[in-house]
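Everything below concerns the one structure shown next.
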Amino acid sequence: MRLKTLFFLLIVRPLLLLLSGIRAEGTERLPRQGPAILVANHNSHLDTLALMSLFPAATLPRVRPVAARDYFYATVLRRFVSERLVGILPLERRGVKKREEHHPLEPLAEALDRGEILIIYPEGSRGEPGELRPFKSGFAHLAKMRPHVPVIPVEIKGTDRALPKDEALWVPFIIDIHIGEACYYNNTVREFTRRIERFFENGDPHADR
Amino acid sequence: MNRVVLTGGLILALLTLATLILEIMRRRSGLPYRELGARIRSWWVMAGLFLALILSGRAGAVGLFALVSYLAVKEYFTMIPIRRVDRRIIFWAYLAIPLQYWWAYEGWYGMFIIWIPVYLFLLLPFRQILTGQTRGFLESTGKVQWGMMLFVFSVSHLAFLYGLPEVEGHGGVELLLYLVVLTELNDIYQYLFGKSLGRRPIAPAVSPGKTLEGFLGALATTILTAVALRYLTPFSVPQALAAGAVIATAGFVGDLVVSMIKRDVGIKDSGDLIPGHGGILDRIDSLTYTAPLFFHGVYYIFY
Numbered sequence: 001m002r003l004k005t006l007f008f009l010l011i012v013r014p015l016l017l018l019l020s021g022i023r024a025e026g027t028e029r030l031p032r033q034g035p036a037i038l039v040a041n042h043n044s045h046l047d048t049l050a051l052m053s054l055f056p057a058a059t060l061p062r063v064r065p066v067a068a069r070d071y072f073y074a075t076v077l078r079r080f081v082s083e084r085l086v087g088i089l090p091l092e093r094r095g096v097k098k099r100e101e102h103h104p105l106e107p108l109a110e111a112l113d114r115g116e117i118l119i120i121y122p123e124g125s126r127g128e129p130g131e132l133r134p135f136k137s138g139f140a141h142l143a144k145m146r147p148h149v150p151v152i153p154v155e156i157k158g159t160d161r162a163l164p165k166d167e168a169l170w171v172p173f174i175i176d177i178h179i180g181e182a183c184y185y186n187n188t189v190r191e192f193t194r195r196i197e198r199f200f201e202n203g204d205p206h207a208d209r
Numbered sequence: 001m002n003r004v005v006l007t008g009g010l011i012l013a014l015l016t017l018a019t020l021i022l023e024i025m026r027r028r029s030g031l032p033y034r035e036l037g038a039r040i041r042s043w044w045v046m047a048g049l050f051l052a053l054i055l056s057g058r059a060g061a062v063g064l065f066a067l068v069s070y071l072a073v074k075e076y077f078t079m080i081p082i083r084r085v086d087r088r089i090i091f092w093a094y095l096a097i098p099l100q101y102w103w104a105y106e107g108w109y110g111m112f113i114i115w116i117p118v119y120l121f122l123l124l125p126f127r128q129i130l131t132g133q134t135r136g137f138l139e140s141t142g143k144v145q146w147g148m149m150l151f152v153f154s155v156s157h158l159a160f161l162y163g164l165p166e167v168e169g170h171g172g173v174e175l176l177l178y179l180v181v182l183t184e185l186n187d188i189y190q191y192l193f194g195k196s197l198g199r200r201p202i203a204p205a206v207s208p209g210k211t212l213e214g215f216l217g218a219l220a221t222t223i224l225t226a227v228a229l230r231y232l233t234p235f236s237v238p239q240a241l242a243a244g245a246v247i248a249t250a251g252f253v254g255d256l257v258v259s260m261i262k263r264d265v266g267i268k269d270s271g272d273l274i275p276g277h278g279g280i281l282d283r284i285d286s287l288t289y290t291a292p293l294f295f296h297g298v299y300y301i302f303y
């Protein structure tokens, strides 16, 4: 069994159960197999662990959070955790020139072609507790490149209390995760970004289309 | 001890009966009764865990109630609005839980009875000073202390009751079983009487489902049950009548108090930990009132 699967089964799940407890709504809408793009709000490192812990062990190896290479591969320990235990898909943030032959989102599109399930935080990085920052359109560009791949919005609450940015103390609070209906790319990147963003504002991307 | 096993057997027989009735209702009407089914299944799990742990000995019983307190107060802290610095205050409050149950395990009554109302009460404002955040101090300290009183201090009386020495051949475990069974049965009686006869709401703004008929029906049946289960206690008949009345009334109030919190913060269920019941707060709401009142009544008369 993979290290990543063991990490989640033996450490992440028991810790989350004991220290937080997850109330998940709509878990039946989580994809059993890829490709899929999960779009979530981001306030804490616990977001990734909590969301990934909802997947069955068999699917887990295919779930890849997209994260900045320069931050998550910065130290040996951080790289070990990110690469081996969580299995992030590292994204180059700096020094990427937009050349025709090498699109910066190409590695993500390739991961989707391999049937992986990507977790993307379109707020960029972890925001202040309880605050939703304007979405960047990267995920919508990716969805445009692979329009057959479902985009599933996931709202995570409570992680900003349990372990906010810049804090090291994990305080027990329940984490609420709400998984939305899958959406498919249509229209324009701007419109699609807004449509997904609206789910986090009123809880349903189909509400006022 | 035999009386505990006998009562446990009665509970399991009652659950078997409930399950059979549900099955008959399902066959007759062709309806799935999913909610009721989940409710009864959860009762099986809760009764099984409770009986197994109180029979396993002191550590198991005290550990169970400590866990219940922790889960309940965690639900409470999750649902109330807080400031960002409050997570530090709440962290200290959590640390008080294992100590409170340690005093109960040890049977150190003096410490048990003042640890949260006195020491924690003085300690939390001190922790507030360290945050340096004056705005919202009073509200934050009040909310945290109040949650600790209701879901830790009150509930921990169950653990202390368990450890009480024998009186006239009746150990703490019997008194505990008596209290918990009566409190839970009273909840069920209220539900059954309310559903079948309920017309006049008592507190429509707080909980529209609570009716005068439900309350009175449960009061009468709980008092009768209290006399019937008297074999678990050193009580005389008048004492058992009084215990039944106190448990029925206090349970009713505790239920409404937890409803008040939920109304205040604007949510319906405190969680989904117990299928068919809601959160753990929804299950222990009555106990937060019956446990300290029953305990202190017994403690005053017999110890």
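Order-wise, the sequence lines are chains A and B. Just so you know, this note's numbering puts 162 at position 162 of the first sequence, and the rest follows in order with no gaps. Just so you know, this note's numbering puts 249 at position 249 of the second sequence, and the rest follows in order with no gaps. Just so you know, even glycine gets a beta-carbon here, dropped at the ideal spot from N, CA and C.
**Report entry** Listed by chain order, chain B residues near residue 56 of chain A by CB distance under 8 Å
**Finding:** What residue 56 of chain A touches in chain B: nothing, since even the nearest Cβ is about 20 Å away.
Report task. Could you tell me which uninterrupted alpha helix (DSSP H) segments, each at least 4 residues in length, are contained entirely in the stretch 154-202 of chain A, listed from first to last along the chain? Result -> 159-162 and 189-202
Query - Buried versus exposed, by CB contacts within 10 Å (16 or more), residue 53 of chain A - result: buried
**Report entry** Closest by C-alpha distance to residue 221 of chain B, when choosing among B:29, B:119, B:16 and B:249
**Finding:** B:249
Query raised in the report: In chain A, what lies closer than 7 Å to residue 267 of chain B by C-beta?
Result: Those within 7 Å of residue 267 of chain B in chain A number zero; the least Cβ separation is about 11 Å.
Query - Contacting residues, own chain, Cβ-Cβ under 7 Å from residue 173 of chain B (five flanking each side not counted) - result: 4, 54 and 162
**Report entry** Alpha-carbon to alpha-carbon, residue 197 of chain A and residue 205 of chain A
**Finding:** At residue 205 of chain A the pLDDT is 46, less than 50, meaning the model places this residue with poor confidence; the figure from the coordinates comes in the next sentence. Cα to Cα, residue 205 of chain A sits roughly 8 Å from residue 197 of chain A.
Requested in this report: Output the distance between the C-alpha atoms of residue 20 of chain B and residue 196 of chain B, rounded to the nearest integer angstrom.
Outcome: 20 Å
Query - Cβ-based neighbour list, residue 33 of chain B, same chain, cut-off 7 Å, excluding 5 preceding and 5 following - result: 22, 25 and 26
Requested in this report: Using three-state DSSP, classify residue 107 of chain A as helix, strand or coil.
Outcome: helix
Report task. Mark residue 65 of chain A as exposed unless 16 or more other C-beta atoms lie within 10 angstroms of its C-beta, in which case mark it buried. Result -> buried
Report task. May I ask you to report which of helix, strand or coil DSSP gives residue 64 of chain A? Result -> strand
**Report entry** Selected residue, minimal CA-CA separation from residue 255 of chain B, among B:244, B:44 and B:186
**Finding:** B:186
Report task. Quick one: grab the DSSP three-state call for residue 149 of chain A. Result -> coil
**Report entry** Local conformation of residue 85 of chain B per DSSP, three classes
**Finding:** coil
Requested in this report: Could you tell me if residue 164 of chain B is buried or exposed, where buried requires 16 or more neighbouring beta carbons within 10 angstroms of its beta carbon?
Outcome: buried
Report task. Just the C-alpha distance for residue 72 of chain B and residue 145 of chain A, rounded to the nearest angstrom, thanks. Result -> 47 Å
Report task. Name, please, each residue of chain B whose Cβ falls closer than 9 Å to the Cβ of residue 192 of chain A. Result -> Those within 9 Å of residue 192 of chain A in chain B number zero; the least Cβ separation is about 32 Å.
Report task. Tell me, please, which residues DSSP counts as bridged to residue 91 of chain A. Result -> A:68
Query raised in the report: So which residues on chain A does residue 75 of chain B lean against when the C-beta distance must stay under 7 Å?
Result: 174
Requested in this report: My understanding is that residue 39 of chain A touches residue 153 of chain A, with C-beta atoms under 8 Å, so please give their C-beta distance in whole angstroms.
Outcome: 5 Å
Query raised in the report: How many whole angstroms separate the CB atoms of residue 184 of chain B and residue 174 of chain A, which I take to be in contact at a CB cut-off of 8 Å?
Result: Not a contact, Cβ separation roughly 24 Å.
Query raised in the report: Nearest to residue 6 of chain B by alpha carbon, out of B:231, B:258, B:148 and B:291?
Result: B:231
Report task. May I ask you to report which of helix, strand or coil DSSP gives residue 170 of chain B? Result -> strand
Query - Sequence-distant residues of its chain with Cβ nearer than 7 Å to residue 294 of chain B (five each side left out) - result: 179, 243, 246 and 247
Requested in this report: Between the Cα of residue 253 of chain B and those of B:2, B:303, B:212 and B:276, spot the shortest distance and give me the residue it belongs to.
Outcome: B:212
Query raised in the report: Which two residues bound the contiguous alpha helix (DSSP H) that contains residue 139 of chain B?
Result: 137-148
Query raised in the report: Under 7 Å between the Cβ atoms of residue 116 of chain A and residue 180 of chain A?
Result: no
Requested in this report: Examine chain A for any beta-carbon lying closer than 7 Å to the beta-carbon of residue 285 of chain B, and answer yes or no.
Outcome: no
**Report entry** Beta-carbon separation (whole angstroms), residue 279 of chain B vs residue 273 of chain B, contact threshold 8 Å
**Finding:** 5 Å
Query raised in the report: Does the Cβ of residue 125 of chain A have 16 or more other Cβ atoms within 10 Å, making it buried, or fewer, making it exposed?
Result: exposed
Query - Boundaries (first-last residue) of the beta strand (DSSP E) holding residue 23 of chain A - result: 22-25
Query raised in the report: Which term fits residue 296 of chain B, buried or exposed, when burial requires 16 or more other beta carbons within 10 angstroms of its beta carbon?
Result: exposed
**Report entry** Range covered by the beta strand (DSSP E) that runs through residue 117 of chain A
**Finding:** 117-120
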